[in-house]
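Below is one structure; the comments refer to it alone.
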Amino acid sequence: MLEKALKGSPKYYLWVGFLLLVIAGTSGAYVMQLMEGLTITGMSRDVSWGFYIAQFTYLVGLAASGVMIVLPYYFHNYKKFKDLVIFGEFMAIAAVVMCLGFIVVDIGQPQRMLNVVLFPTPNSILFWDMLVLNGYLMLNLLVGWTCLECDRQNLPHPKWSKILAYVSIIWAFSIHTVTAFLYQGLPGRHYWLTAILAARFLASAFCSGPAILLLVIMLTEKVTTFKAEAEGIATLAKIITYAMCINVFFFLLEVFTAFYSSIPGHTHSIVYLFAGYDGHSELVPFMWTAAAFAIISLALLIPPKLRNNVKLLPWSLAILVIATWIDKGLGLLIGGFNPTPFETIAPYWPTGKELLISLMIYGTGALVVTILFKIATEVKQETGASQKPAPVAE
Amino acid sequence: MNHTRRNFLKFMGVAAAGLCAASAGSALAVSGAGSSIKDSATAVNAKRWGMVIDTKKCGTKEAIDVLAKACHSVHNVPNIPGNQNVMWIWAAGYEQAFDQPNNYMDESVEKRQFALLCNHCTNAPCVRVCPTQATYKRPDGIVAMDYHRCIGCRYCMAGCPFGARSFNFMEPRKHLDLTTLNKEFPTRMRGVVEKCNFCVERLAYGKQPACAEASNGAVVFGDLTDANSEVRKLLREHYTIRRKPALGTEPGVYYII
Chain A
1 MLEKALKGSP KYYLWVGFLL LVIAGTSGAY VMQLMEGLTI TGMSRDVSWG FYIAQFTYLV
61 GLAASGVMIV LPYYFHNYKK FKDLVIFGEF MAIAAVVMCL GFIVVDIGQP QRMLNVVLFP
121 TPNSILFWDM LVLNGYLMLN LLVGWTCLEC DRQNLPHPKW SKILAYVSII WAFSIHTVTA
181 FLYQGLPGRH YWLTAILAAR FLASAFCSGP AILLLVIMLT EKVTTFKAEA EGIATLAKII
241 TYAMCINVFF FLLEVFTAFY SSIPGHTHSI VYLFAGYDGH SELVPFMWTA AAFAIISLAL
301 LIPPKLRNNV KLLPWSLAIL VIATWIDKGL GLLIGGFNPT PFETIAPYWP TGKELLISLM
361 IYGTGALVVT ILFKIATEVK QETGASQKPA PVAE
Chain B
1001 MNHTRRNFLK FMGVAAAGLC AASAGSALAV SGAGSSIKDS ATAVNAKRWG MVIDTKKCGT
1061 KEAIDVLAKA CHSVHNVPNI PGNQNVMWIW AAGYEQAFDQ PNNYMDESVE KRQFALLCNH
1121 CTNAPCVRVC PTQATYKRPD GIVAMDYHRC IGCRYCMAGC PFGARSFNFM EPRKHLDLTT
1181 LNKEFPTRMR GVVEKCNFCV ERLAYGKQPA CAEASNGAVV FGDLTDANSE VRKLLREHYT
1241 IRRKPALGTE PGVYYII
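What follows is the structure, given as structure tokens:
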């Protein structure tokens, strides 16, 4: 099926070429990082993880999100998701590829990376994260590819692929739980040391992930003959709304516990993020933007009339994505490291090179999505599944 | 045998797989052989090394800088300006060192500086989180590091509640005076984490840790399990505290206040 990615319209070539150019251009910054070390980033002795690990964490959520389509389809036999399942699986593949990329660019000695495999260490959560992420990648590749190939040949899906799909549903929960365990088991990092972190991660993943997926599917509809069933889209939007409500609720639980107990360790990080602490207020505007956007997105998603407005939905989703990204892609990491173990504030901001390297990985992810979605939509076109009523000739 | 391309490729494939297996096997054999390090005749040993710092005797920035200089020169710790610096032992105030704030503190304690270093915790979070066992616990209680195995993921830095670990963000050798290098101790490469090692390389030759040696008796090092050791004597005679005891890491460094 891979050959389908090689033939396309001039627009398709232009887009792929553009992505390749972005990847090639920004990889120069990575070469510089390889030669000079992580000193080119904004990280420091006190904030020893930064933008890379934050993006990794956010994208694990995107990877886990496909399950919000796969689960209703396989566990509840919800047929309206039938033609969306493959996009969920393929999005997960791209997300895991980006996750692994962000890990690789973050480590100081990437050529020693395989030490994690050569000296397996079960007491390290990073070891388990490596296992579950690679496992999830394999599961989605295997299930997604096999089912699509069967669809193309009008064959029923093999039984084993269904079993693996069930496994991948459970597995999706594991990848984000294990990623949360990376953080929440560390003594002395109060912002992370909370039992609800894994639940928060899952809630935020299950709203932000499907939101990104839905946005990309809408884009796909614009540029291909694919047309998702309206009812399927509406159901997914409803799932996103529920997950976002739970996500906001979980965050408020944190706020209550911290401020009603008034234990300094619990409050300091939240105070730093939302009000500034010790004369530092770098993240305050971002965090309040996130809070405002979270409320706006809920206001636009909870009323069925607004949620089912197809013109408005992409905007509501984009607002939701920005809110969750600031929360998890910025606040979580910087708030976790601040205050430092010395009760001081160590401001962190990514450098230009750090952002370029991140762009390299996002570009790679976009390329993987483009190629996989191209193949999927071509097969759908061939089999006439979920097509626009009057296909427009290109 | 037909000399077709297919067969040739098959043969090459098998040969390549064999080569990989052989080299992997020998690599495993080397790592699994178990290093038999010989103790020198003068080596000192303990069941649990620990340290007592008398902050009344060594409680100023200047006094602690003497310890830092001794330690950093003996371990080739680079002097890097800015916030990507490397420190094994350094000075900090009471509020930074201990999470027991006191609004109406004795002025002398309020102004005092405390020498901070790796606590060589009994339940060390850095050992727990390290994905490659590059940070490991020795039977004598020292938390040691293998700089050649460290992949630089910095999980240990997030795990350490004492901020005792430093990452080599840049080439450390550029920030070392190569003429005064201690050739007995390795320099590090960029991209690995490092920290105080309780002078394990000096104990192997019966020497005291560099900071203890430079402290005029303010820093005492010894076996915590030996009731007759000097550290235990100090712990008996003085009221001491440890950093963040509530976290349960069981630090091996005690402070006389």
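Which chain is which? The protein sequence lines are A and B, in order. The first sequence begins at 1 in the numbering used here and counts up one residue at a time. The second sequence begins at 1001 in the numbering used here and counts up one residue at a time. Even glycine gets a Cβ: it sits at the ideal position worked out from N, Cα and C.
| Check | Outcome |
| --- | --- |
| Cβ pair L312 (chain A), L320 (chain A) closer than 9 angstroms | no |
| Cβ-based burial, P1078 (chain B) [other Cβ within 10 Å; buried from 16] | buried |
| Beta carbon proximity, K1061 (chain B) to chain A, threshold 9 angstroms | no |
| Opposing strand residues paired with V1052 (chain B) [DSSP bridges] | B:V1220 and B:Y1254 |
| Exposure label - R1243 (chain B); buried when at least 16 CB within 10 Å | buried |
| Chain-ordered chain B contacts of M113 (chain A) [CB-CB under 7 angstroms] | I1151 |
| Chain A contact for L1181 (chain B) (CB, 9 angstroms cutoff) | no |
| Residues near S161 (chain A) by beta carbon distance below 7 angstroms, same chain, minus five either side | V143, T146 and C147 |
| Test: T1132 (chain B) CB closer than 9 angstroms to a CB of chain A | yes |
| Straight-line Cα distance separating L139 (chain A) from P122 (chain A) | 22 angstroms |
| Pairwise C-alpha distance: F373 (chain A) and M1 (chain A) | 12 angstroms |
| Opening and closing residue of the alpha helix (DSSP H) in which L100 (chain A) lies | V85 to D106 |
| The stretch 262-270 of chain A in contact with the stretch 214-230 of chain A per 3-pair CB rule at 8 angstroms | no |
| Delimiting residues of the beta strand (DSSP E) encompassing T26 (chain A) | Segment P10 to E36 is the alpha helix (DSSP H) holding T26 (chain A); no beta strand (DSSP E) there. |
| Residue range of the alpha helix (DSSP H) that includes I246 (chain A) | A230 to S261 |
| Listed by chain order, chain A residues near G1206 (chain B) by CB distance under 8 angstroms | By Cβ distance, chain A contributes nothing, its closest Cβ being about 32 angstroms from G1206 (chain B), past 8 angstroms. |
| Sheet register partners of S1166 (chain B) (DSSP bridge) | B:E1194 |
| C-beta atoms of R1154 (chain B) and W49 (chain A) nearer than 9 angstroms | yes |
| Top-ranked residue by Cα proximity to K1047 (chain B), from B:T1122, B:Y1254, B:Q1208 and B:E1237 | B:T1122 |
| Exposure of S9 (chain A), with buried meaning 16 or more beta-carbon neighbours within 10 Å | exposed |
| Residue-chain proximity (G1034 (chain B), chain A), Cβ-Cβ < 9 angstroms | Caution applies to G1034 (chain B), whose pLDDT of 47 falls short of 50 and renders its modelled position unreliable; the value that the coordinates give is listed next. No, G1034 (chain B) does not count as interfacial toward chain A. |
| Short CB-CB distance (under 9 angstroms) between A180 (chain A) and chain B | no |
| Short CB-CB distance (under 9 angstroms) between P341 (chain A) and chain B | yes |
| Close Cβ partners of E1095 (chain B) (< 7 angstroms) along its chain, the five nearest in sequence each way excluded | P1101 |
| Neighbouring residues, chain B, relative to V105 (chain A) (Cβ below 9 angstroms) | What V105 (chain A) touches in chain B: nothing, since even the nearest Cβ is about 12 angstroms away. |
| Minimum length 4: unbroken alpha helix (DSSP H) runs contained in the stretch 1054-1095 of chain B | 1061-1074 |
| Contacts of R1190 (chain B) in chain A (Cβ-Cβ under 9 angstroms) | E36, G37, L38, T39, G108 and Q109 |
| V1200 (chain B): first and last residue of the uninterrupted beta strand (DSSP E) it sits in | Counting along the chain, V1200 (chain B) falls outside any beta strand (DSSP E), though it belongs to the alpha helix (DSSP H) covering V1200 to L1203. |
| contact_flag[the stretch 46-66 of chain A, the stretch 91-105 of chain A] where n(CB pairs < 8 angstroms) is 3 or more | yes |
| Contact residues within the stretch 1110-1138 of chain B, judged by C-beta distance below 8 angstroms to chain A | P1125, R1128, V1129, C1130, P1131, T1132, Q1133 and A1134 |
| CB contact below 9 angstroms: M1001 (chain B) versus chain A | Note on M1001 (chain B): pLDDT 49, under 50, position unreliable in the model; the coordinate value appears next. It does not; no Cβ of chain A falls within 9 angstroms. |
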